[in-house]
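Going letter by letter, the sequence shown gives residues 258 to 1120 in our numbering.
One structure is given below, encoded as structure tokens.
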Amino acid sequence: MRSNHRELILLTTCALLAACSQKPAPPEIDMSDADATIVDLDHPDRGGCAPADVTARLQDGRGDVTVTRRTDGDCAVSYRIDSTATRRDDAPASPRVVRELSDWPSLRSGNVLLDGLYALALEEVRQNSVDAISDGSFNGGQPIDCAPGGCFETGALWHYVWTRDIAYATDLGLASLDPVRARNSLEYKLSARRSGGGVEVMQDTGTGGGYPVSTDRVVWALGARAVLAQLGDDEAQAFGTRALDALLNTLTRDREVVFDSSTGLYFGEQSFLDWREQSYPGWVKGDPTHIATSRSLSTNVAHLRAMEFAVELAEFLGRSDEAADWVIAAAALRAAINDVLWLGDRGQFSSFLVSQLDLAPSPQLDLLGSSLAILSGVATAEQAQSVLAGYPHVGVGAPVIFPQQQLTPIYHNRAEWPFVSAYWLRAAAASGNDLVATRTMESLVRGAALNLSNMENWEIASGAPWVEDGEYSGPVVNSQRQLWSVAGFVSMIQSTLFGLHADLTPDPVLRVAPKITGAIRAAYLGDSSTLTLTDYRYRGMKMTVVIELPDDAADGFYGVAEVTLDGMTTAATIPATELREGSVITIRLAAPQAASSSRMTLVDDADWKQVFAPRPPVIDTVGDDAGQLRVTFSTADTEPVTWTIYRDGRPVASELTATSWLDPDSDSASPRSPCYVVESCFQGAENCSQHSQSVCWWGAGGERVQTIAASALQNVGGVLSDEHGRQHWSVWGDAGHRLTASGVRPAATGAQLIQLGYGNGAGSTTTGVTCGVKRVVVTDEADDTVVASGYVAMPQLGAWDVWGLSSMVHAQMSTDRTYRIDVLDGEFAYNMSAFEHFAAYGGEGGAQAFNRVNVAELRVLSR
């Protein structure tokens, strides 16, 4: 990796991976005719219409950008944006001309570059505003009409609406700009089951057949909350009622199907990072069950936010009793995220527990999850400062994962995503880290300007939309006007610079808390004394927001000295009832009271051991060595590494240099079955690998794994078959079908894990809606009492002759008793194909619901 980004000269004065307190140098911006920017061009009644052109320039190692604002005789304003940078597919063409949209907001910051890029973002919101959406996998590729008022599509390459995209984009800014269109898009992602039943939020097609491998559909709550805060009273009641019903149904089902009581966290793939081998260890490829049983930071914070919004919404609607249980559940989840995923020695949150048998948090970091943890208050104030100061910035900004994965194409790996950076900017602003806020804003401005569009992503070291690196070139996909990237730029202006936040309870309010750093003022605002946002939209009203900047030079964030509403002093939290069409909010800023103490970590992309992690190691054996257990392992890396070994989630050996380790606390004859995981760290660098696949000691002959073959299972439904290489129950899994193992006695008394050997060829490992979902019930045969029950996931494996293992259900069993184990339907044993929403899907599970799997065996593993 190489970078020509000039800000990396700071690395000569900052120790690699150490906290750096030096501010980045501002970008080189030249303004001509600067005085003309003071004139309010598009409002003749406030100063007239200035015909003179105004120009700004940005110079960067990737190219130069020139923005010229022009005003015609009717006072209509347009921006010509020229970029010499190489753009993806040479699009959009340079120059790009953008007109300010009538009746939409406009910015006068004293910098034509910022003003023009804000107008560009609004133009791209308009381009993504459609009356119909389409996707090749739905409705035969034919358009699907939006509800009256239209909806949003996801970008130049993506003409559909996906749950996580619209939710994050709406939260970042679309709710203010077009609440009707945002609401329609969100409601499109709600559906009832085909057979009848409550409405739920849809999990889109995805890894292993989607839900419950992926469970981040709950991020829908972020968008719904933002929309609700922008709706009038009657509309808010109608939408709020539908939203609350959907959320309560969704949360209730998730609690039954994907809640892991052993950790207090929810199972499911990382939110947004849904290209498996981009962010998970390579050994999960082809085996989505591991992803289904990962417990990830971002998705768990999303579940928390959904619970808290359900409680807030129930109170708003006068239905607080219906959400009372989620108050307790949210508090417990908040504590569990911090207890399980906080890496105290690093001062960061782990991305995930990678699989069901690995209880040690991964050393992998996730920028979106970290940002949401700060913004949701999962992180304490001290933790938030640690995360912001310590998360590594590479090249132009912060990568969405860290460290990067070797031998992996650029997409989530080695990339910055503007929408995630917008949340990172919000987190930095909320926690007062001006260094991180400044650098992130500069990255967002630079990306939009050089590319003439708000791109899906860019390579982290260079900021380029494409980097040639052989088979690892990328970003593999990179769409112009990506919806959440566009919304991220809007968020930077409206939510961060102007600090405008619509809130709900106890009554609708507009909070104003501008976050402007001295470095941002020096870089972009020049000698301007005011920033003006005209026609800002709040609950159907258009108003003007003015920020008055002090003359003092600032170090850190400017404070708020006074807020006025229509000339009268008011609080920074303004009730909606006090606002009206045409209101003017003025915020007078004051210099910070103290010098900035912010820190930021910069990493030299030229030193690949500082950027990349070692490759995940492999445990070769766990075996008996004179009555103790010896773990042997290996790596494909040629660079020297040290090793850390975890047993049942706890580190038991570290800084090992040999590839064999004897566990001094083990007893190979003990009925206990320990599980081991290994990670490696580069010598002389801090980056550590993703975890190896866990390997457990199940006894010398594997006797602690009891396997019950298909032929020994009693069946209701299905056909015993020898096809696909194994004897199994085929054509099985419809309503009313059941498989039963009777007289089961565990190998040892205590904790057991129940799982199925299964086949699911209904779709690929990368997409679809037909992940198998079944309920497992364990009953004591002596008194017919249920001792354990739970749901198992059986993801799609791509072909019916590929066999895998399901997720596991925990049970406590004793050797002096026998048990009956039933695999059957349950109240929540359905996948996304059960919903009307997917009737238009062209793959398996579209024409009709499909929840069949082939079952070859039932396994009881004694821990």
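Ideal placement from N, C-alpha and C gives every residue a C-beta, glycine not left out.
message: Contact criterion: CB-CB distance below 7 Å. Does Ile548 meet it with respect to chain B?
response: This model lacks chain B altogether; it includes just one protein chain.
query: Should the region 766 to 783 be called in touch with the region 674 to 694, which here means at least 3 C-beta pairs below 8 Å?
result: yes
message: Alpha carbons only, please: which of Tyr445, Glu380, Asn441, Ala424 is nearest the one belonging to Ala413?
response: That would be Glu380, whose Cα lies nearest to the Cα of Ala413.
message: Can you list, in chain order, the residues of its chain with a C-beta nearer than 7 Å to that of Pro283? Leave out the 5 residues immediately preceding and following it.
response: Confidence at Pro283 is low in this model, with a pLDDT of 40, below 50, so the placement of that residue should be treated as unreliable; the coordinate-derived value is given next. Taken in chain order, the residues that qualify are Ala776, Ala779, Ala780.
task: For my contact list, Gly455 and Met1089 are in at a C-beta cut-off of 8 Å; report their separation, rounded to the angstrom.
output: At roughly 15 Å, the Cβ-Cβ gap does not stay under 8 Å, so Gly455 and Met1089 are not in contact.
- request: Could you pull out every residue in the same chain whose Cβ sits closer than 7 Å to the Cβ of Leu274, ignoring the five residues on either side in sequence?
  value: With a pLDDT of 29 at Leu274, under the threshold of 50, the predicted position of this residue should be treated as unreliable, and no value is reported.
field: Through-space distance from Lys1031 to Gly1103, alpha-carbon basis
entry: 20 Å
- prompt: With 16 as the cutoff for other CB atoms within 10 Å, does Pro874 come out buried or exposed?
  reply: buried
field: Cross-strand partners of Asn1111 (DSSP beta bridge)
entry: Gly1016
message: Whole angstroms are fine: how far does the CA of His560 sit from the CA of Gly397?
response: 33 Å
Helix, strand or coil at Ala350 according to DSSP, with G and I counted as helix: coil
query: In terms of residue numbering, what span does the alpha helix (DSSP H) encompassing Asp502 cover?
result: 490 to 514
task: Verify whether the separation of the beta carbon atoms of Thr916 and Pro908 is less than 7 Å.
output: no
Exposure of Leu846, with buried meaning 16 or more beta-carbon neighbours within 10 Å: It is buried - the Cβ of Leu846 has at least 16 other Cβ atoms within 10 Å.
- prompt: Where does His547 sit, in a helix, a strand or coil, going by DSSP?
  reply: helix
task: Within the same chain, show all residues whose beta-carbon is closer than 8 Å to that of Glu896, passing over the 5 residues directly before and after it, in chain order.
output: Lys866, Pro871, Phe939, Gln940
Whole-angstrom distance between Ala966 and Gly975, CA atom to CA atom: 15 Å
query: If Phe529 and Val515 are in contact, beta carbons under 8 Å, what's the gap, nearest whole angstrom?
result: That pair is no contact at about 18 Å.
- prompt: What do you reckon, are the CB atoms on Gly1000 and Thr1075 nearer than 7 Å?
  reply: yes
message: Here's a check: name, in chain order, each residue in its chain whose Cβ is nearer than 7 Å to the Cβ of Gly704, leaving out the five neighbours to either side.
response: Pro675, Met712, Trp715, Gly720
task: Consult DSSP for Pro675 and reduce its assignment to one of helix, strand or coil.
output: helix
task: Let me know the secondary structure DSSP gives Phe606 once reduced to three states.
output: strand
- prompt: Taking C-alpha atoms, which residue in Ala851, Glu936, Asp864, Ala852 lies nearest to Val888?
  reply: Glu936
task: Mind checking which residues open and close the beta strand (DSSP E) that includes His758?
output: 757 to 760
message: Under DSSP, the beta strand (DSSP E) around Arg904 begins and ends at which residues?
response: 898 to 904
- request: For Ile1011, count neighbouring C-beta atoms within 10 Å of its own C-beta (all shown protein chains included) and say buried if the count is 16 or more, exposed if not.
  value: Counting of Cβ neighbours within 10 angstroms places Ile1011 among the buried residues, the total reaching 16 or more.
query: Roughly how many whole angstroms lie between the Cα atoms of Gly489 and His1067?
result: Rounded to the nearest angstrom, the two C-alpha atoms are 48 Å apart.
message: Could you tell me the alpha carbon to alpha carbon distance between Asp511 and Ala549, rounded to whole angstroms?
response: In a straight line, the C-alpha of Asp511 is about 13 Å away from that of Ala549.
- request: Determine, using beta carbons only, whether Thr1022 and Gly453 come nearer to each other than 7 Å.
  value: no
- request: With distances taken Cα to Cα, identify the nearest neighbour of Asp1079 among Val1043, Met1070, Gln751.
  value: It is Val1043 whose Cα lies nearest to the Cα of Asp1079.
message: Measuring only the C-alpha atoms, how far is Ala272 from Tyr375?
response: A caution first: Ala272 carries a pLDDT of 30, below 50, which makes its placement in the model unreliable, though a value can still be read off. Roughly 36 Å between the two C-alpha positions.
field: Boundaries of the alpha helix (DSSP H) in which Met564 is found, first to last residue
entry: 554 to 573
- prompt: If you draw a straight line from the alpha carbon of Asp422 to that of Leu429, how long is it in whole angstroms?
  reply: Approximately 11 Å, taken between the alpha carbons.
field: Residue burial classification, Met749 (beta-carbon count within 10 angstroms, cutoff 16)
entry: The C-beta of Met749 has 16 or more other C-beta atoms within 10 Å across all chains shown, which makes the residue buried.
task: Pull up the distance between the alpha-carbon of Val651 and that of Val934, whole angstroms please.
output: 29 Å
query: Just how far apart, CA to CA, sit Arg1120 and Ala992?
result: 32 Å
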